[in-house]
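Okay, so here's the structure we're looking at.
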Amino acid sequence: MSIISDDEILTEDKVSTKKNPVVKPEVEDGDKSFEINIRPKSFDSYIGQSALKSTLKITIEAAKKREKTLDHLLFYGPPGLGKTTLAGVIANEMGVPIKITSAPALERPRDIIGILMSLEEGQILFIDEIHRLNKVAEEILYPAMEDFYLDMTTGKSQTVKTLRVPLPKFTLIGATTKAGELSGPLRDRFGIIHRLEFYTNEELAQVIKRTADILDIKIDSKGAAAIARRSRGTPRIANRLIKRVSDYAIVKYDGKINETVANESLDILKIDEFGLDTTDRNLLKLIIEKYDGGPVGIETIAAAIGEDSRTIEDVCEPFLLQCGLLQRTPRGRKVSPQTYRHLGYKTQSSSQQSLF
Ligand code: ADE
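Written out as structure tokens, the structure reads:
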């Protein structure tokens with residue numbers, strides 16, 4: 375059975391960027407045990423997503439007062455913003471155990487049936503990348519979510535019988551980076567649907583300070599703010615950068631992180647003031663220099679910079695779109711005047727001449 379235990383984060387079947395992946399938000403092998411150690415366990419220690427936290431607190435309190443299980447919840451938003459972490463916090467606040475898996479691990483009917491049948495009353499089942507669930511698994515999930523039973527068939531052709539197997543009442547928490555790819559019937563079965571937002575620099579600085587405390591890393595406020603500014607609104611990236619900067623501080627200085635140490639170290643990693651890495655900059659420069667600012671199709675961009683188009687869409691684009699450096703149009707991707715300025719091009723018309 376493909377159950378991933380409570381204290382594991384899945385890495386399988388995730389998109390991965392090969393080059394300079396330090397500012398890419400998808401889970402990497404090195405993040406696994408690290409994230410488990412620093413993961414907040416309660417709403418009090420979970421920083422950011424304040425609107426979402428407020429509504430969830432009420433939902434949880436009401437469910438507890440009614441002595442009912444929580445409604446099924448769907449979280450969507452870019453990777454690295456803490457969907458799995460939030461599911462863990464909810465389980466902890468509800469006082470119930472959680473089982474964590476991902477849609478690609480539920481390939482065969484017996485995978486999803488096995489998990490559903492192993493659940494305890496009130497338990498939370500977390501399915502990451504739920505938009506990737508196959509049709510058969512989805513159909514098994516519908517009656518399980520709606521009325522807490524499984525339809526099992528036994529026998530063959532004329533002797534086939536359908537057995538209705540009751541399940542314990544459970545809460546499904548689904549997470550996806552692509553809400554639009556979820557089928558309508560599956561989406562409709564979630565009582566509560568929430569979007570996770572990119573973090574502000576102030577929130578990220580708090581996440582960085584909290585992590586530094588746990589890891590016994592000395593960092594001042596300006597050092598935390600400097601790392602936060604280059605973390606693309608994403609706690610997973612912030613937490614990864616603090617380790618890299620801390621390594622640099624130990625090797626080159628006295629181990630303490632201040633603004634100078636943070637900036638120097640991130641410059642060496644080629645992460646710019648917006649948190650863009652070489653791949654992001656190459657992508658934007660390509661659109662400017664070869665396609666006069668766009669629009670240009672995603673497949674053309676992918677082929678030209680040697681990345682796969684899904685990696686670009688899932689990993690690079692959400693932040694570039696959010697900070698206005700890239701725009702999506704029906705005819706392809708284009709850059710904005712801000713992109714020209716950020717990359718040091720004088721004007722749109724003199725874009726053939728990069729200042730770098
Ligand atoms: N580490 C990762 N995400 C976090 C969050 N939202 N709050 C506190 N620590 C975190």
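Mapped onto the numbering used here, the consecutive letters of the sequence shown carry residue numbers 375 to 730.
Backbone N, C-alpha and C define an ideal beta-carbon position, used for all residues, glycine too.
- Remark: the C-beta of I642 is outside contact range of the ligand ADE, defined as less than 6 Å to any heavy atom.
- Take the alpha-carbon of R702 and the one of K708: they are about 7 Å apart.
- Take the alpha-carbon of P399 and the one of R610: they are about 6 Å apart.
- With a 10 Å radius around the Cβ and a threshold of 16 neighbouring Cβ atoms, P711 comes out exposed.
- Bounds of any beta strand (DSSP E) do not take in P483; it lies within the alpha helix (DSSP H) bounded by 483-492.
- Judged by their CB atoms, L447 and I582 are not nearer to each other than the 7 Å cut-off.
- Taking P517 as the centre and dropping the five residues before and after it, the same chain places the C-beta of Y523, L524, D525 closer than 8 Å to its C-beta, in chain order.
- If you check the C-beta of I421 against the ligand ADE, you find a heavy atom less than 6 Å away.
- Beta-bridge partners of S476 (DSSP): D502.
- Distance from the CA atom of M468 to the CA atom of L717, rounded to whole angstroms, is 48 Å.
- Relative to the Cα of E513, the nearest Cα in the group K543, P559, T545 belongs to P559.
- Annotated as proximal: R705 and P669, with beta-carbon spacing under 7 Å.
- Partner residues in the beta bridge of A549, as assigned by DSSP, are F449.
- For the pair of segments examined, the region 460-480 was found to touch the region 419-437: the number of CB pairs separated by less than 8 Å reaches three.
- For Y523, the enclosing beta strand (DSSP E) begins and ends at 523-528.
- Taking all protein chains in view, the Cβ of V619 is crowded by 16 or more other Cβ atoms within 10 Å, so the residue is classified as buried.
- Comparing C-alpha distances from D646 to each of G565, S605, K626, K630 shows the shortest one belongs to S605.
- Taking every protein chain shown into account, the CB of D651 has 16 or more other CB atoms within 10 angstroms, so this residue is buried.
- Per DSSP, the beta bridge partners of Q701 are K708.
- Taking a C-beta distance under 7 Å as the contact criterion, Y450 and R569 qualify as a contact pair.
- For T536, no alpha helix (DSSP H) segment is defined; the enclosing uninterrupted segment is the beta strand (DSSP E) at 535-540.
- Residue environment: A677 is assigned as exposed (fewer than 16 neighbouring CB atoms within 10 Å of its CB, all protein chains considered).
- Distances from the alpha-carbon of L493 to those of A479, T475, L480, P542 put P542 closest.
- Around the C-beta of V635, 16 or more other C-beta atoms lie within 10 Å, and the residue is accordingly described as buried.
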